[in-house]
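A short worksheet on the structure shown next.
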Amino acid sequence: MRIAIPKGRLQSDVLGTFASAGYDVPTESDLRTRKLVFHRGGIEWIFVKDCDVPVYVEHGAADAGIAGLDQILEHECTAYQALELPYGRCRMMLIGAPGAPPLVNNAKIATKYPRVARHWLDSRAIHAELVPLGGSVELAAVLGLTSHVIDLVETGETVRVHKLELRECIAEVTPRLIVSKSFFRTNNAEVRRLIARLQQSIEQSIGETVNESIIA
Amino acid sequence: MATKFRYPTGTRPLLIEETARRRRIESRFVTLLEEAGFAEVVLPIIDFAEPYAGISGRSAKQSYRFTDRDGELVAVRSDFTPMVARALAPSLDDDNLPLRVFYRGDVIRCEATRLGVNRELFQIGAELVGDASPEADLEMLQLAATIATVFCDDPLVVYTGGPRIDDPRFVQHEEESDAGYYTGVRFWVYGDDRRTPLAQGGRYDSLYERFGASAPAIGFTFTVDGLDELAAGSSQLAGEPRGELAGGRSQLTGEPRGVSPESCELRAES
């Protein structure tokens, strides 16, 4: 089985979940070698940019992977979403520039998620011009490139610092285990084992967090 | 002229060698299907969109549509099954059922998100119309598996619903997914790599009704482009339009390609 792990923000949490589920995951020192493919414990671990995980899994180049709902939706990924992970939660939100008017027709919206944004705007029957950006999307509203942005909000710190205004939640975003449909059909028992082991590991970690908070 | 040196995404010509290969594969299919008692039908490449309105399934969303000179909305063929139903429905009666037909040709799908997936696909499929029995299910599943055996060593048929089949090549499995127009058994035929289905099919007992005939039907469709690639020993991702030099040269010279490791490299290069 080939599993795609998202590099960056979620990487260590995700590897932790697999490790506590008993999987032999690549170690820190493995990862420092800059290799992107590791064979361990009968699994081929591949490390790809978070937004590419759904692409690999959709095409069957990876059998399973961890991807945020934002990227799953943006790629219209049809892989099975088998599990939600209990960390990395955030919200995809409509954010206004300081003092921006309510979203009306012909507004300009900067986003990394043009497809999700278009669907959402269509559902609201709002015609808006999307300005696709690669990153630091909030800056578009700060600098007046656009009146609004659609982006992920985790703690809300960036929004506060720039005095931007949270307007509306478009989607609750969580990282998910996704599994290629073909792999699920042809290796069903293996996939079910993977899901069960991760599920157990997640439940344990939630249990521990609860315990810690009780003690605290 | 930015389009001078390329083709629309997901489309490409087949030159001499690949065409010969395509025709060989086709004739294997035709022989097998005719031996199994299926007769060929030919369907138009375009049709009005209106008769198909509201049929669930992915094809409608993915079809190329345009308005013809009379102002009618027309769609380029993107799924054979509803077209077969529309074509056969008016002439179905108790005397000619059950009916076994097969078809072959291109479908064109606008799969915007699926990079590297062909948009023009050559498909060959078969339909058994007018028999709702588990034996009909079994017949079609086994026929699909038999055909797959020609193109790979160890095919696997994964199916949901339908009769229990005591054969290691068949795996019954539960799956909840958008069933589209399917109403009963659904199945996918996988080749040795188990990654992309060579064929898929299922039972659709209410599809013919909308075209004026109440006949149950079950069918499957092989995508022949996939078989091409499988026989060539390359991965599914090699379906991307290739560089002209790498693909073109070997095709034009008729250098044997497909089974030799060299030709895989040629493909991988591009």
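Listed in order, the protein sequences are those of chains X and W.
Just so you know, the working numbering puts 194 at position 13 of the first sequence, and the rest follows in order with no gaps.
Just so you know, the working numbering puts 413 at position 189 of the second sequence, and the rest follows in order with no gaps.
We put the CB at the ideal spot given by N, CA and C, even for glycine.
- Spanning the alpha carbons of residue 277 of chain X and residue 412 of chain W requires a straight line of approximately 47 Å.
- Per the Cβ contact rule, the segment 270 to 290 of chain X is in contact with the segment 320 to 337 of chain X (3 or more Cβ pairs under 8 Å).
- For a cut-off of 8 Å, the C-beta gap from residue 246 of chain X to residue 351 of chain X is around 23 Å, too long to register as a contact.
- For a cut-off of 8 Å, the C-beta gap from residue 369 of chain W to residue 379 of chain W is around 6 Å, short enough to register as a contact.
- Under the Cβ criterion of 9 Å, residue 366 of chain X is counted among the residues facing chain W.
- Between the segment 324 to 344 of chain X and the segment 211 to 228 of chain X, the count of C-beta pairs closer than 8 Å stays below three; the two stretches do not touch.
- Unbroken beta strand (DSSP E) stretches of 3 residues or longer found wholly inside the segment 286 to 345 of chain X: 288 to 292, 309 to 313 and 329 to 334, given in chain order.
- Across the set W:385, W:350 and W:432, the C-alpha of W:350 shows the shortest separation from the C-alpha of residue 259 of chain W.
- Here residue 318 of chain W carries a coil assignment [DSSP, helix/strand/coil].
- Here residue 309 of chain X has 288, 290 and 302 as same chain residues with Cβ atoms under 6 Å from its own Cβ, once five neighbours each way along the sequence are excluded.
- Listed along chain W, no residue sits closer than 7 Å to residue 287 of chain X by beta-carbon distance, the nearest being about 25 Å off.
- At a beta-carbon threshold of 8 Å, the residues of chain W lying near residue 363 of chain X are 412, 414, 418, 419, 420 and 421, ordered along the chain.
- Of the residues assessed, residue 443 of chain W falls on the buried side of the cut-off, its CB having 16 or more other CB atoms within 10 angstroms.
- DSSP places residue 388 of chain X within a helical segment (H, G or I) once states are collapsed to three.
- For residue 364 of chain X and residue 295 of chain W, the gap between their C-alpha atoms comes out near 45 Å.
- Think of a sphere of 9 Å around the beta carbon of residue 380 of chain W: the chain X residues whose beta carbon falls inside it are 366 and 367, in chain order.
- Here residue 296 of chain X really is in contact with residue 257 of chain X; their C-beta atoms are around 7 Å apart, less than 8 Å.
- Residue burial annotation: residue 233 of chain X is buried, with at least 16 other C-beta atoms found within 10 angstroms of its C-beta.
- Note that the segment 307 to 322 of chain W does not touch the segment 390 to 404 of chain W; fewer than 3 beta-carbon pairs, one per stretch, sit closer than 8 Å.
- Residue contact with chain X for residue 395 of chain W: present (Cβ-Cβ distance below 9 Å to some residue of chain X).
- Bounds of the alpha helix (DSSP H) holding residue 371 of chain W are 358 to 375.
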